[in-house]
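Undergrad: Just so we're aligned: 364 in full-length UniProt numbering is position 364 of the sequence shown, and the numbers increase by one with no gaps anywhere.
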Amino acid sequence: MSKDSNQYQLVLTEVKKRLFNWNLNSIYNLNSIYYFYFPTLIICFISYVITPFTADIRVFYSSAILADRLSGFPYNIDASWEIKPIGNRFIVYFLYKFTILFVDINDKINFEIATKIIFSIISLAVILAFVYRMKNIIEKYSITATQVFIVTTFSLFSISHWCALQAEHFCVILILLSFYLMLSKSKILNILSGFTLALLFPIKGITIILALYSFVAVYHLGEDYRKNLIISLKGFIVSMILIVSSVVFVFPYALYDMSNSTLYQNTFNDFNIISRLILFCTYSIQNYPHIPVLLPSIYVSFITLSYLIWKKKFKEIIMYSFLWSIGIIPIVVQGRYYAYHYFPLVIPAIFSFFYFKYIFKELISTLNKKRLIYLSLLLFFITCGALYVATHIGGFGYKINHNFYYIYPGLVAIVDIIFSIIIIIKYNSCSSDGIKEHKIIHILMMITILIWVIFNSFSGYVFKSYYNHTIQELEVMQRLDNRYELSSEPSILYLSCGVCPYYFNSKSYCRYYYPLPVQRAKYNPNLYETQVYKDTFNCILNYSGEFIIVQTDWFDLNLEENKPIKEKIYSSYEAIDETPTFKRHYIIFKRKKIFFKSSIVKNIQR
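1) Measuring only the C-alpha atoms, how far is Asn110 from Ser123?
2) Determine contact between the region 536-551 and the region 283-301, defined as no fewer than three beta-carbon pairs at a distance below 8 Å.
3) Who pairs with His585 in a beta bridge, going by DSSP?
4) Please list the terminal residues of the continuous beta strand (DSSP E) segment that includes Ile206.
5) Output yes or no for whether 8 Å exceeds the beta carbon distance between Phe130 and Leu200.
6) Can you pull the DSSP bridge partners for Tyr573?
7) Below 8 Å between beta carbons: does that hold for Ala339 and Ser160?
8) Cutting at 7 Å between CB atoms, please list the residues of its own chain near Pro296, excluding the five before and the five after it.
9) Pull the bridge partners of Tyr528 from the DSSP assignment, please.
10) Taking 8 Å as the cut-off, decide whether the C-beta atoms of Tyr503 and Asp535 are in contact.
11) In the DSSP output, what is Tyr494 paired with across the bridge?
12) Any idea if Lys312 is buried or exposed, counting beta-carbon neighbours within 10 angstroms, 16 or more meaning buried?
13) With 16 other CB atoms within 10 Å as the buried threshold, where does Leu375 fall?
14) Check the DSSP bridge columns for residue 608 and list the partner residues they point to.
15) Quick check: the region 203-216 against the region 36-51, are at least 3 beta-carbon pairs closer than 8 Å?
16) What is the DSSP secondary structure of Phe271, counted as helix, strand or coil?
17) If you scan the region 428-483 from start to end, which runs of the alpha helix (DSSP H) of 4 or more residues do you find wholly inside it?
18) What residue ranges within the region 323-374 form continuous alpha helix (DSSP H) runs of no fewer than 4 residues, ordered along the chain?
19) Is the distance from the Cβ of Val293 to the Cβ of Ser158 below 8 Å?
20) For Ile105, which three-state DSSP category applies?
21) With 16 as the cutoff for other CB atoms within 10 Å, does Asn88 come out buried or exposed?
22) Can you tell which of Lys439, Pro85, Ser465 has the C-alpha that lies nearest to the C-alpha of Ala254?
23) Look up Cys171 in the DSSP assignment and say whether it is helix, strand or coil.
24) Quick one: grab the DSSP three-state call for Ile400.
25) Taking one C-beta from the region 557-569 and one from the region 511-527 each time, how about it: are there three or more such pairs within less than 8 Å?
26) Using a Cβ-Cβ cutoff of less than 7 Å, which residues in the same chain neighbour Thr196 once the five nearest sequence positions on both sides are dropped?
27) Can you name, in chain order, every residue of its own chain whose Cβ lies under 7 Å from the Cβ of Tyr408, other than the five neighbours on each side?
28) Give the single residue among Trp452, Ile329, Leu263 whose Cα lies nearest to the Cα of Glu529.
29) Ordered along the chain, which non-local residues of its own chain (more than five positions away) have a Cβ less than 7 Å from that of Ile347?
30) Quick one, which of Tyr512, Val247, Ile188 has its alpha-carbon nearest Gly235's?
31) Below 8 Å, how does it come out for the region 471-491 and the region 505-514: are there three or more Cβ pairs, yes or no?
32) What does the Cβ neighbour count give for Gln147, buried or exposed, with the cut at 16 atoms within 10 Å?
33) For Asp56, does the three-state DSSP call read helix, strand or coil?
34) Is DSSP giving Ser26 helix, strand or coil here?
35) How many Å lie between Asp107 and Tyr61 at the Cα?
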């Protein structure tokens, strides 16, 4: 028995030795690991580029297409309505005009790929400029330009279709560009950085808060850069005055549209900060697959803040918390919690990776293995509780197939994070060489890549499910266009979510090519008394063209307030096609033939 016990102890010791004391240098060799990252970035880039537009982006391009059919640039962009403010419309319009130089707009699949390639090239140029400018600053923290390039590039290109080309995406690129301009020795470039940040206002209004990322970060870089900051602030103030003046006095619809958008989104209705913060946390659990860098950065931030609190580093706590708060404020104020609203959080997420690397040695010496294991277990139980709340409580319940979507991959990533940390600590306590602090970046990147592979890569759950149904919709809409020659119509009444002008080359009879003032009134009754509701409702009733396209899952004809619209449609039009796509249900109405009725009337009059 004693002999068996001794053998058991020897085996157990050997298992521990092999499990925790392996030589990780071969795995994390700097040169070899970069050979892994760059092919991964290329695959990530291709996956990002070939992912089709979302319905939101097609709605943006509907506005650009309709604006292009109006005369008088730049007022045509203002006249062509979209719920996003005029700044976002300008960006999309310029992308549209540049892309059609290379690809025909009617070739939708290649047009979308070309658009993403063009924007990706712009994004890569901005990232390279950002890394180039940060190089001298980060060297004293033992951070390499290559590391910053890899983490930043993967963070921006690993996102799902739901976040790409949204207003927040444009804002993040402008913020990175502002760093390059603000840290320059040229005063002209410093002034331009202020103008760049001022552009955040007309893109979405509330996104102007994100300008604080640049101002706060440069301020904390020290005295050497505060002169640049002052010059940039002057450029920002002057630019804001010019932009606000343009919105108020130059573009007649701009301010009106921005004001009305808050009514459509119920931005300030029932504003309760506590409930909105709870919803923010709940949706964070649901939305992390769309922004892979977000989940590991949240865990890293939790550990970092625990360490800073333990060490009573209050200045660092305030700075660290404030960086995250800058991105959280617009999400909470908007109160919609769409995945792309979380996209600006990639900026503090990237920072949290490198700050964790910076404090790693000191953290290891402060928090022993036992404390880290307790911390990991605490994170695990908090996450399980959050996942349960997100999927079972408060109206966020999902069917079992959706539980796989949120829980299973999430737990895989979480377990990966927890055990990576435990292995690091155990290895440092048992091995003489230990893991160097730069290798923590590789572990965090591996976790981020894992989440991307599960969700947004070619084989990812989000990518495959979305790609199949959006391609099917493109094909269905093309067949409808060919069958009924919808593109040859001078104008059509669209009672749909806004994608139809993207598919059909016909003008919208109403300015609101997706009649949001009427559609959203049932969610915000205050709209019923507004002029925009009355004008849009009357426009619908006054239509006498050949075709009406109704998306029945979006525009409720059976609503009591919409009864006059329903009566008009069914009295003067007949349904000629009822074609569902994967997510939407369209009915095409055509005006009834009345020539025989007219001849009868004439005979009676005789």
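Beta carbons: idealized from backbone N, C-alpha and C, even for Gly.
TA: Reading it off the structure:
1) Counted from its first residue, the sequence shown places residue 110 at position 110. Counted from its first residue, the sequence shown places residue 123 at position 123. For Asn110 and Ser123, the distance between alpha carbons rounds to 20 Å.
2) no
3) Taking the sequence shown and counting its residues from 1, the one referred to as residue 585 is at position 585. Partner residues in the beta bridge of His585, as assigned by DSSP, are Pro580.
4) Stepping through the sequence shown from its first residue, residue 206 is reached at position 206. Segment: none, Ile206 is in no beta strand (DSSP E) and carries neither H nor E.
5) Counted from its first residue, the sequence shown places residue 130 at position 130. Counted from its first residue, the sequence shown places residue 200 at position 200. It is not a contact, given that the beta carbons lie outside the stated cut-off.
6) Along the sequence shown, one-based indexing puts residue 573 at 573. Answer is Arg591, bridged to Tyr573.
7) To locate residue 339, count along the sequence shown from 1; it is residue 339. To locate residue 160, count along the sequence shown from 1; it is residue 160. Cβ distance < 8 Å, so Ala339 and Ser160 count as in contact.
8) If you number the sequence shown from 1, residue 296 lands on position 296. Hits under 7 Å: Ile417, Leu444, Ile447, Thr448.
9) For the purposes of this step, residue 528 is taken as the residue at position 528 of the sequence shown. Partner(s): none; Tyr528 has no beta bridge.
10) Reading the sequence shown from its first residue, position 503 is the one you call residue 503. Reading the sequence shown from its first residue, position 535 is the one you call residue 535. Not in contact: Tyr503 and Asp535 (Cβ atoms no closer than 8 Å).
11) Residue 494 sits at position 494 when you count from the first residue of the sequence shown. The partner list for Tyr494 (beta bridge, DSSP) reads Ile549.
12) Position 312 of the sequence shown holds residue 312. Lys312 should be labelled exposed.
13) In the sequence shown, the residue the question calls residue 375 occupies position 375. By the neighbour-count rule (16 or more Cβ atoms within 10 Å), Leu375 is buried.
14) This structure gives no information on residue 608, because the portion of the chain shown stretches from 1 to 606.
15) no
16) Here residue 271 corresponds to residue number 271 of the sequence shown, with the count starting at 1. Here Phe271 sits in coil by DSSP.
17) Fully enclosed alpha helix (DSSP H) runs of 4 or longer: 439-455.
18) 346-366
19) By 1-based counting over the sequence shown, the position of residue 293 is 293. By 1-based counting over the sequence shown, the position of residue 158 is 158. Against a cut-off of 8 Å, the Cβ pair of Ser158 and Val293 comes out as a contact.
20) For the purposes of this step, residue 105 is identified with residue 105 of the sequence shown, where counting begins at 1. Assigned with DSSP and collapsed to three states, Ile105 falls in coil, not helix or strand.
21) Start at 1 with the first residue of the sequence shown, and residue 88 comes out as number 88. When all chains shown are included, Asn88 counts as buried.
22) Taking the first residue of the sequence shown as 1, we reach residue 254 at position 254. Of Lys439, Pro85, Ser465, the residue nearest in Cα terms is Pro85.
23) Your numbering for residue 171 matches position 171 in the sequence shown. Helix at Cys171.
24) Start at 1 with the first residue of the sequence shown, and residue 400 comes out as number 400. Interpretation of Ile400 is limited by its pLDDT of 36, a score under 50 that renders its predicted location unreliable; the figure taken from the coordinates is listed afterwards. For Ile400, the three-state secondary structure derived from DSSP is helix.
25) When Cβ pairs closer than 8 Å are counted between the two stretches, the region 557-569 is seen to touch the region 511-527, the count reaching three or more.
26) Position 196 of the sequence shown holds residue 196. Leu174, Leu177, Ser178, Leu181, listed in sequence order.
27) As a working mapping, residue 408 is identified with position 408 in the sequence shown. Here the model assigns Tyr408 a pLDDT of 49, short of 50, so the residue's position is not dependable, and the following value carries that caveat. So the list is empty, once near-sequence residues are dropped.
28) Position 529 of the sequence shown, counting from 1, holds the residue named residue 529. When C-alpha distances from Glu529 are compared across Trp452, Ile329, Leu263, the shortest belongs to Leu263.
29) Taking the sequence shown and counting its residues from 1, one reaches residue 347 at position 347. Excluding positions up to five away in sequence, the list reads Val172, Ile175, Tyr213, Gly327.
30) For the purposes of this step, residue 235 is taken as the residue at position 235 of the sequence shown. Of the candidates Tyr512, Val247, Ile188, the one whose C-alpha sits nearest the C-alpha of Gly235 is Ile188.
31) Verdict: yes, contact present.
32) Here residue 147 corresponds to residue number 147 of the sequence shown, with the count starting at 1. Using a 10 angstroms sphere on the CB of Gln147, the tally of other CB atoms reaches 16 or more, which defines it as buried.
33) What you label residue 56 is simply residue 56 of the sequence shown in a count that begins at 1. Three-state DSSP puts Asp56 in a helix.
34) Taking the first residue of the sequence shown as 1, we reach residue 26 at position 26. Residue confidence is low: Ser26 scores 42 on pLDDT, short of 50, so the model does not pin down where it sits. Its coordinate-derived value is still stated next. It is coil, neither helix nor strand.
35) As a working note, residue 107 is residue 107 in the sequence shown. As a working note, residue 61 is residue 61 in the sequence shown. Going from the Cα of Asp107 to the Cα of Tyr61 covers about 14 Å.
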